[in-house]
Amino acid sequence: MSMLQTVGDRYGSVENTDLFALLCRRRGWSDGYLEAIESTEHDELLDLAEMVEALEDARTTGKKVTIAPDFDMDGIASGVLGYAGLSELGFDVELHVPDYRRGHDLTIEDIDEIHQRWPDTQILLTCDGGVNSHHGIAAARALGWTTLVTDHHEELEPGSTADITVDPCRIDETYAHTGICGAHVLYQVVEAHARKHRPDKLWAIHLLRLFAGLGTVSDVMPILYENRQLVRDSLSIARLLRVAAPKTIPNPWGGYDPDPEAIDIERSTLMQLLRTEAHHPAFLSAFEGFALMLKAFAQHGKIRDADDLDEGFYGFYLAPAMNSPRRIGAPLDDCFEVFTAVGAEEKLKAAHTVIANNELRRQMTVEHLKELTDGDQPLAPWVYFSDARAGMYGLLASQMMERSGHPVVVVNRPSSPDDFVSGSGRAPGWFDIITGLEPYDGLNAIGHQQACGVRIESADKLNVLVEILADATRVALLAVDPDAPQGDLVLGPDADCDAGLDDLEPLFELVRRTETLKPFGHGFTAPVVEIAIEPLGLRVDRIGSEAQHLRLVTRSGLSCLWWNAAEEKFDDIQGLVRRASRTDLGTLRFTATLQLNTFRGDTRVQAVITQQVVSSA
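Just so you know, my numbering puts the end of the sequence shown at 641, numbered straight through with nothing missing.
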């Protein structure tokens with residue numbers, strides 16, 4: 025029997041359907057499951073206590089600690105967290121800015137730079153990297169430094185060569201939920217140190233969950249167990265750094281938004297509180313920088329009110345902006361200076377540079393995606409060649425994976441069969457790239473299972489990579505019902521719909537109850553609905569500063585927003601609406617997310633369309 029059957033066949037009449045309960049049944053979200061994933065209990069990471077004591081020895085003896093982070097958003101969050109936290113705890117600490125051109129490993133060149141700039145370094149502390157950086161660790165130890173590694177990547181044989189390593193993915197680790205980010209690992213170390221040796225600073229250190237939660241979302245960690253409360257805490261702290269502007273200005277939608285130019289971050293609740301206490305300048309600087317980053321995003325129209333500060337802001341705006349330098353070849357310094365520069369003006373300037381880099385990255389992404397879709401791609405749709413910077417490969421692979429629904433690898437174009445080839449792979453949750461490549465000589469991947477760097481020892485092995493990805497996809501497709509709806513719920517007037525769209529009150533209640541389950545993310549994704557809309561009586565508007573977006577308004581008043589779709593879809597949909605009065609065109613089908621939108625004190629349900637599924641026209 026097709027899965028597209030009426031809800032009356034499955035759960036009773038449409039009129040009596042509890043949409044939230046139906047959603048939970050479909051997702052397998054039993055009361056027991058929802059309670060279990062909220063648990064914050066976890067074991068202590070191996071050698072965490074030893075690292076705490078090594079750090080305490082450094083603090084009490086005045087040894088200089090230099091932090092060496094990775095260069096992505098998790099690495100930046102880790103580095104800022106460590107620098108601010110150890111400064112607040114009384115350490116002599118410095119922060120090294122990495123060079124993304126060297127890759128994710130800690131290199132001999134990094135150690136040379138640190139030694140030249142801070143020759144009195146005695147303790148090297150890595151974060152979000154270092155567990156497999158044998159050459160860099162050896163160079164540090166040759167200088168007599170104590171090497172402390174905090175990481176969350178898989179430890180490879182023969183294992184870390186550092187003096188002390190704290191990593192949930194160590195070979196001998198038994199930590200239950202290994203999907204914690206690098207910033208969270210370092211946070212656990214710093215928090216444990218404060219709890220034992222500086223309990224008077226514990227409240228301040230807890231505020232650094234702001235950065236650990238940011239790293240969790242940006243590195244696409246599962247939003248389960250201890251990560252859930254961490255992300256909630258992070259967002260709560262971020263909202264305490266946001267300031268509502270005292271005056272408003274007109275917006276392109278016909279309403280009014282707060283004037284971001286009038287924002288004074290010193291009026292934020294958290295900055296006012298921090299200014300009343302004695303804190304290290306580096307600690308204060310980190311929070312001031314975050315507040316100024318929020319101001320810069322408000323000035324660019326990405327934040328209008330407190331509701332905009334959610335896990336989506338971290339994942340779709342802040343993290344991509346911080347990751348943009350390596351994608352376009354820009355300096356990384358601004359990403360750190362946002363949080364470490366001495367003056368507010370310098371921080372705000374750095375924040376605007378970061379956002380400007382991201383806008384350039386967006387433009388370059390469009391150009392390189394066109395290269396992937398229109399150019400010579402003999403191994404498509406599994407492996408694509410690109411002339412983009414290596415830092416763009418992961419982003420391009422992610423875009424192509426989202427379009428196709430299967431694993432994709434983007435690599436540099438080889439000139440001969442013997443050429444070494446490297447790139448990045450992205451995969452849906454049902455395929456582990458690293459594990460999938462392990463049995464094959466000459467193919468390997470490093471990073472996370474669904475997002476990793478891929479290396480092929482010679483181009484003639486690319487066909488093997490294609491076969492691996494294609495075979496995995498065929499197996500996955502065998503488990504998919506082609507008649508299954510593409511949303512958790514199907515809404516509209518058609519026979520297979522779980523509820524109609526004429527009465528919006530049940531949808532309002534569905535969204536209200538669903539939002540109590542936030543945060544959503546990897547491992548606990550936000551619900552998606554499939555909506556069926558009748559063209560007859562549908563209002564179609566182009567909106568936005570450049571009329572680039574679509575707004576479809578149904579006869580019942582449901583507003584459906586479709587970002588950046590106006591140029592491609594406006595004429596087609598408008599034509600369907602015009603013909604609907606003369607011909608029965610059936611319904612238009614879309615996948616969408618539902619959300620609550622408040623305008624002038626009136627809160628309503630709206631849908632944000634992700635893609636068109638099918639039109640029965």
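The beta-carbon is built from N, C-alpha and C at its ideal position, and this holds for glycine as well.
What you are looking at is a predicted structure, and each value in this text was computed from that prediction instead of being measured.
By the neighbour-count criterion, in which 16 or more other beta carbons inside 10 Å mark a residue as buried, L297 falls on the exposed side. The Cβ atoms of V564 and V601 sit closer than 7 Å to each other. The alpha-carbon of K542 is positioned some 30 Å away from that of L612. If you ignore the 5 residues before and after I470, its C-beta comes within less than 7 Å of the C-beta of C476, G477, all in its own chain and listed in chain order. DSSP places V366 in no beta strand (DSSP E); its state is neither H nor E. In this structure, V213 keeps its C-beta atom at 7 Å or more from the C-beta atom of H177. For P543, the secondary structure class from DSSP, reduced to helix, strand or coil, is coil. The DSSP-derived three-state label of F115 is coil. In this structure, the alpha-carbon of F95 lies about 44 Å from that of D595. Scanning its chain for C-beta atoms nearer than 8 Å, with the 5 sequence neighbours on each side dropped, one finds around N381 the residues A345, S348, P349, I352, A354, D358, in chain order. DSSP, read as helix, strand or coil, puts F360 in helix.
Inclusion of L461 and L525 in the CB contact set at 7 Å is not warranted, their separation being larger than that value.
Remark: three or more beta-carbon pairs, one from each stretch, lie closer than 8 Å, so the stretch 489–504 and the stretch 427–445 are flagged as touching. Here DSSP, grouped into helix, strand and coil, assigns E554 to strand.
For K87, the three-state secondary structure derived from DSSP is coil.
As DSSP reads the structure, I147 sits in a beta bridge with V89, T170. Beta-bridge annotation (DSSP): L576 is paired with V564, C584. When DSSP states are grouped into helix, strand and coil, I633 belongs to the strand group.
Secondary structure of V478 (DSSP, three-state): strand. Cα atoms of R437 and Y417: separation of roughly 12 Å, rounded to the nearest angstrom. Residue G561 holds the alpha-carbon nearest to the alpha-carbon of Q598 among V629, I147, G561.
In this structure the stretch 55–65 does not touch the stretch 112–128; the number of beta carbon pairs closer than 8 Å is below three. Assigned with DSSP and collapsed to three states, D398 falls in helix. As summarised for the stretch 410–465, the continuous alpha helix (DSSP H) elements at least 4 residues long and confined to that stretch are 417–428, 457–461, given in chain order. For G109 against I229, the beta-carbon gap comes to about 6 Å, under 8 Å, which counts as contact.
Distance between I287 and A268, taken at the CA atoms: about 7 Å. Counting only runs of 3+ residues, the beta strand (DSSP E) found wholly inside the stretch 486–515 occupies 513–515, in chain order. According to the DSSP assignment, G471 belongs to the beta strand (DSSP E) that extends over 467–472. Approximately 6 Å separates the beta-carbon atoms of G160 and D129; this is inside 8 Å, confirming the contact. Secondary structure of L333 (DSSP, three-state): coil. Within the model, the alpha-carbon separation for L180 versus Q323 is close to 45 Å.
Assigned with DSSP and collapsed to three states, I100 falls in helix. If you check the CB distance, L70 and E197 come in under 7 Å. CA-to-CA, the gap between T377 and L43 works out to about 45 Å.
Pairing L172 with P551 gives a Cβ-Cβ distance that is not under 7 Å. Between E80 and H201, the beta carbon gap of about 27 Å keeps them out of contact (Cβ cut-off 8 Å).
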